[in-house]
Each structure stands twice: as C-alpha cells, then as structure tokens.
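The block underneath contains the structure these notes are about, expressed in structure tokens.
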Amino acid sequence: MAAPNANRHTLNARLRSLRLEQELSLEALAAKTGVTKGFLSLVERGLKAPSISTLMALSRAFALPMSRLFDDAPHADDAYSLVRRDKRKKYAREGSLYGYKYEALAFRKDRKAMEPFIVMPPRRTPRRSFRHSGDEMVFVLSGVVETQLGTEKILLHEGDCLYFDASLSHRSRSISKERAVTLVVVSGPSRSP
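Numbering (my numbering), first residue to last: 19 to 211.
Structure (structure tokens):
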C-alpha cells in the first residue's frame, strides 16, 4: 500500500479533499450529484472510479472546472494546456474486464468548452449505460469498438469517428483482439447563439 503522501494526488484523494474543503457530507454530495452515497464512498476510498458523466456531475457540484478534479496545482498560463504523454492523469473504472480505463489529457487548463480523454473501453458490455449533458465524440485510434446508442449498436473501426448528443443512453466495448484505444471528447451543455 502506498504511503499517504504518495496518494495525495490521486483522483480519489483529490475528490475527498474537495468534499471536505467544501464541508459537504457524503449525503449532501450525493444529493447534489445524483450519485449514491455508497458509490461516492467507494470512489473516495479508491475502490471505484467515476465515469466521465459522474466527473461532470462532481465538477458541477463543486463549482469547479473538471480539470481541477485531477490537478490542484496552480496553472501559470490558462491560455493552453500541455500534458506530455507520461504526465497524463490515468484512472480505471471498475477493474479492467468490465471497466473503462481513462487518461485525462487537458487538465492543465481550467476554462475550456471540451474535455478530452484517452479511453480504453472494456472487453465486456458494461452493466449500465451513461447519459450526460452536452455532446460526445469518439474517435477510434486502434482496435474495434461496439458502441450502443439507445437501442442501436454501431461498429467503429480504427479511424472512425462518432459524434452524438450525450443525453442519449450510451456505452461501448472493445471487440478487437487487443483492447481498443479511443479519443473521447465531451462538451458541456449546448449554448444557444
């Protein structure tokens, strides 16, 4: 087990720290996010990892940009975010077989309209689908992905791009021999001109 200071910058520790800083109980945070108290407790203890839609709900609940959920370091220049390959913030959701593996790519910029991630969908179909506000784009970097949008199943091959309203029920799985790797970009709610 890692020393407490080594864990300080993990996503689960950061979320717990934010909740305590804002003097929120697990019950209060659950009410603000629509996520169960039990799941939030598992996340804070590092036993589960939140989905992108849960991260968006936590970001709104804490009134912080999603990037601040991954990194509390001050950003010298908010004009851009440069994250080198070996500095990506990595986390996994519910293990490797049923769960997604994520890497946050642009956490060093607070104000942005999009959140990009490298996502490796699980091999088995996830137990539940996701929904969130805004749009989502999935670009397949390698492998083959089966994405379910509502009741429709769509096969995506390397180089394919799927863009959709993220309020549609959606989930994906890798169906290639090697686990697929995708670039996923999510946006906040659409703004009217």
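Every residue, glycine too, gets a C-beta built ideally from N, C-alpha and C. Bear in mind that the values here come from a model prediction, so they are computed numbers and not experimental data.
CA-to-CA distance, residue j to residue i, given in whole angstroms
i           : j           : result
residue 177 : residue 123 : 19 Å
residue 71  : residue 91  : 23 Å
residue 49  : residue 34  : 16 Å
residue 197 : residue 159 : 11 Å
residue 201 : residue 105 : 17 Å
residue 153 : residue 168 : 15 Å
residue 157 : residue 53  : 28 Å
residue 135 : residue 120 : 6 Å
Cβ distance (whole Å) where residue i is taken to contact residue j below 8 Å
i           : j           : result
residue 180 : residue 174 : 6 Å
residue 191 : residue 142 : 6 Å
residue 77  : residue 83  : 7 Å
residue 29  : residue 88  : 6 Å
residue 148 : residue 85  : No, residue 148 and residue 85 are not in contact; Cβ-Cβ is about 20 Å, not under 8 Å.
Same chain, Cβ closer than 6 Å to residue i, five either side skipped, listed in chain order
i           : result
residue 155 : 181 and 203
residue 189 : 144, 147 and 166
residue 36  : 80
residue 99  : 124, 126 and 127
Burial state of residue i (16 or more Cβ within 10 Å)
i           : result
residue 79  : buried
residue 75  : buried
residue 41  : exposed
residue 170 : exposed
residue 7   : Look at the range of the chain in this structure, 19 to 211, and you will see that residue 7 is not part of it.
residue 132 : exposed
residue 62  : buried
residue 56  : exposed
residue 117 : buried
residue 108 : exposed
residue 47  : buried
Sequence-distant residues of its chain with Cβ nearer than 7 Å to residue i (five each side left out)
i           : result
residue 11  : Nothing in the structure corresponds to residue 11, since the chain is present only between 19 and 211.
residue 44  : 55, 58 and 59
residue 129 : 83 and 96
residue 64  : 28 and 30
residue 205 : 131, 132, 152 and 153
residue 183 : 153
Close beta carbons around residue i, own chain, < 8 Å, minus the five adjacent residues each side
i           : result
residue 51  : 58, 72, 75, 76, 78 and 79
residue 172 : 164, 165, 166 and 180
residue 139 : 118, 163, 190, 191, 192, 197, 198 and 200
residue 110 : 67, 117, 118, 119 and 120
Short CB-CB distance (under 8 Å) between residue i and chain C
i           : result
residue 106 : Among the protein chains of the structure shown there is no chain C, as only one such chain exists.
Self-check item: 4-residue-minimum alpha helix (DSSP H) runs that sit fully inside the region 33 to 70, ordered along the chain
Solution: 44 to 51 and 55 to 62
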